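Using this note's numbering, you'd call the opening residue of the sequence shown number 7 and step up by one each time.
Cβ atoms here follow ideal geometry from the backbone N, Cα and C, with glycine treated the same way.
Quick caveat: nothing in here was measured; it's all calculated off a predicted structure.
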Amino acid sequence: MTNSTGASLDGLISEGVSPWWDGLDRRGIDSGWFASMVGTKGVSGATADQRALLRALGEDVGLGPYRDQLADLARQGASPEDAVIALAAGDGRAAGDALYEVFTHSDGQDGYVSVDVPAAAVRDPRGAVPAALRATAELARPNVMVKLPATELGLAAMRACLARGIGVHATEVYSPARYRQAVDAYFDGLAAASAAGLSVAAIPSVVAVPVGRIDEEVDARLVSTRGSGATDLLGAAGLATARLLYREYEHSLGTGRWRALHAAGARPQRLVWVAATDTDPGTRYAGRVVGWGTVTALQRAALDTLEVAEELAGDTLLGEHAAAQAVVEGLGGLGVGLDEVARELEWDGTHRVARYWEELSAVVRDRLAAAAD
Numbered sequence: 007m008t009n010s011t012g013a014s015l016d017g018l019i020s021e022g023v024s025p026w027w028d029g030l031d032r033r034g035i036d037s038g039w040f041a042s043m044v045g046t047k048g049v050s051g052a053t054a055d056q057r058a059l060l061r062a063l064g065e066d067v068g069l070g071p072y073r074d075q076l077a078d079l080a081r082q083g084a085s086p087e088d089a090v091i092a093l094a095a096g097d098g099r100a101a102g103d104a105l106y107e108v109f110t111h112s113d114g115q116d117g118y119v120s121v122d123v124p125a126a127a128v129r130d131p132r133g134a135v136p137a138a139l140r141a142t143a144e145l146a147r148p149n150v151m152v153k154l155p156a157t158e159l160g161l162a163a164m165r166a167c168l169a170r171g172i173g174v175h176a177t178e179v180y181s182p183a184r185y186r187q188a189v190d191a192y193f194d195g196l197a198a199a200s201a202a203g204l205s206v207a208a209i210p211s212v213v214a215v216p217v218g219r220i221d222e223e224v225d226a227r228l229v230s231t232r233g234s235g236a237t238d239l240l241g242a243a244g245l246a247t248a249r250l251l252y253r254e255y256e257h258s259l260g261t262g263r264w265r266a267l268h269a270a271g272a273r274p275q276r277l278v279w280v281a282a283t284d285t286d287p288g289t290r291y292a293g294r295v296v297g298w299g300t301v302t303a304l305q306r307a308a309l310d311t312l313e314v315a316e317e318l319a320g321d322t323l324l325g326e327h328a329a330a331q332a333v334v335e336g337l338g339g340l341g342v343g344l345d346e347v348a349r350e351l352e353w354d355g356t357h358r359v360a361r362y363w364e365e366l367s368a369v370v371r372d373r374l375a376a377a378a379d
């Protein structure tokens with residue numbers, strides 16, 4: 007049975023999943039599309055993405071909503087780096103406003119917009135906090151998180167930002183081991199914030215897991231192995247990873263550290279399933295990775311055309327640890343180690359982000375020059 011977008015989103019929401027827009031852009035905001043998705047379809051969050059801004063500024067149709075601001079920035083003599091931050095902040099403010107009612111009605115549980123900080127700032131935790139403070143000051147909205155990669159350096163930056171009361175959207179998490187470190191960073195940051203007299207109830211955090219990219223990488227390796235049973239494991243790694251991480255999530259909520267933080271008002275650090283790959287906007291995963299209290303981040307094309315082949319079967323994560331472990335062992339038997347895959351994807355993901363920032367600065371430099379003529 008095929009469902010309409012609204013029915014499919016309703017199904018996810020009824021299973022405790024929050025649908026978020028992955029890759030916000032100004033055209034989707036200015037046209038009223040995003041407000042409509044929030045008001046009538048239950049979309050309850052948004053994440054910025056340098057690729058989305060890069061695409062918009064690189065094409066005439068997408069550039070339109072940014073022309074006036076680019077002209078103003080050119081008149082002010084803004085640097086390309088400052089202009090990128092200003093353009094992204096404009097998108098973030100508008101998205102935050104569209105989500106503000108969700109934020110207030112959910113008592114701060116949902117309704118967030120996540121924005122990027124310059125990739126260079128994350129390489130030095132001392133630079134990440136000023137960059138995050140600037141990003142949140144530019145947006146001047148209460149429902150904002152900053153995106154930081156959960157690398158060794160990024161986790162240190164995450165602790166420092168949380169300790170200052172800045173919400174963090176941790177990215178590039180591909181394994182249970184890295185997820186546990188992200189949870190520890192959240193707990194450490196909240197403990198420091200509480201010791202400094204800040205309200206931990208007002209410091210949100212989520213952890214993004216690119217399940218689509220995990221499957222994409224693992225499937226490519228399976229195809230090349232041609233081993234017995236490889237076909238049976240195609241498309242299984244992303245869901246298996248999600249199940250293992252969800253079990254870690256449940257475990258973290260049973261610890262003494264969490265109980266103490268929760269008693270002080272802290273909220274659980276939610277898992278965000280990022281479904282999109284370079285070739286798929288995320289539709290494939292909407293009904294496959296379903297867990298209460300989690301988020302599914304989908305690109306606009308997936309939100310617009312979301313279809314599921316059958317009715318949702320309910321929670322696909324709870325109590326599925328043994329099945330997930332069997333997938334991991336099966337992959338290992340074929341020479342595909344998920345720990346190695348995770349390391350390579352993390353390296354690739356963080357370098358992609360740095361490259362996108364460089365490309366975005368170059369495009370904005372050209373647009374500023376054209377606007378000044």
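The C-alpha of L196 lies about 37 angstroms from the C-alpha of Y72. The continuous beta strand (DSSP E) containing S120 extends over residues 118-122. Under the three-state reduction of DSSP output, T289 falls in the helix class. Rounded to whole angstroms, V369 and Y362 show a C-alpha spacing of 10 angstroms.
A contact between stretches requires three or more CB pairs, one per stretch, nearer than 8 angstroms, and the stretch 87-105 meets this requirement with the stretch 120-137.
The beta-carbon separation of A95 and L30, rounded to 12 angstroms, does not stay under the 8 angstroms limit for a contact. Scanning its chain for C-beta atoms nearer than 8 angstroms, with the 5 sequence neighbours on each side dropped, one finds around V301 the residues V23, S24, P25, W26, G51, V212, R276, L277, V278, W279, in chain order. Proximity to G233 across G336, S200, A308 peaks at G336, based on C-alpha coordinates.
Put simply, of V217, Y192, Y185, E178 the residue whose alpha carbon is nearest the alpha carbon of I172 is Y192. If you ignore the 5 residues before and after W298, its C-beta comes within less than 8 angstroms of the C-beta of E21, G22, V23, D321, L324, all in its own chain and listed in chain order.
Residue state for A281 is assigned as coil, using DSSP reduced to three classes.
Under the DSSP assignment, D190 falls in the alpha helix (DSSP H) whose first and last residues are 182-201. Beyond the five residues adjoining it in sequence on each side, N149 comes within less than 7 angstroms, by CB distance, of G102, L105, Y106, F109, G117, Y118, V119 in the same chain, given in chain order. With a contact defined as Cβ atoms closer than 8 angstroms, L154 and A141 miss out at about 11 angstroms. Between the alpha carbons of E346 and S37 lies a gap of roughly 43 angstroms. The Cβ-Cβ distance between M151 and V174 falls below 8 angstroms. Sorting R129, E256, V342 by C-alpha distance to the C-alpha of L228 places V342 at the top. Counting only runs of 4+ residues, the alpha helix (DSSP H) found wholly inside the stretch 128-172 occupies 131-145, 158-169, in chain order. Going by C-alpha positions, R263 is about 14 angstroms away from E254. By the criterion of at least three beta-carbon pairs nearer than 8 angstroms, the stretch 216-228 is not in contact with the stretch 197-205. The DSSP-derived three-state label of G218 is helix. Counting only runs of at least 4 residues, the stretch 57-87 fully encloses the following alpha helix (DSSP H) elements, listed from N- to C-terminal order: 66-69, 73-82. Between the beta-carbon of P287 and that of A308 there is about 4 angstroms, and that keeps the pair under the 8 angstroms contact cut.
Between A236 and A188, the C-beta gap is not smaller than 8 angstroms, which leaves the two residues out of contact. The residues L250, L251, E254, in chain order, have a CB closer than 7 angstroms to that of P182 in the same chain once the five nearest residues on each side in sequence are set aside.
Short of 6 angstroms from the beta carbon of A100, and not among the five residues preceding or following it, lie these beta carbons of its own chain, in chain order: I35. In terms of Cβ geometry, L366 and L79 do not form a close pair [threshold 8 angstroms]. For A176, DSSP records a beta bridge to L154, V213.
With a beta-carbon spacing of about 6 angstroms, L63 and L69 fall inside the 8 angstroms limit used to define contacts.
Between D28 and L304, the gap from beta carbon to beta carbon is short of 8 angstroms.
Here the C-alpha atom of R33 lies approximately 14 angstroms from the C-alpha atom of R57. In the DSSP annotation of this structure, the continuous segment of the alpha helix (DSSP H) that includes D16 starts and ends at 11-20. In the structure shown, the three-state DSSP call for A52 is strand. In terms of CA proximity to D113, A272 leads the group A272, H357, G338.
Going by DSSP, W298 is part of no beta strand (DSSP E) at all; its letter is neither H nor E. For the pair A214 and A176, the CB atoms are nearer than the 8 angstroms cut-off.
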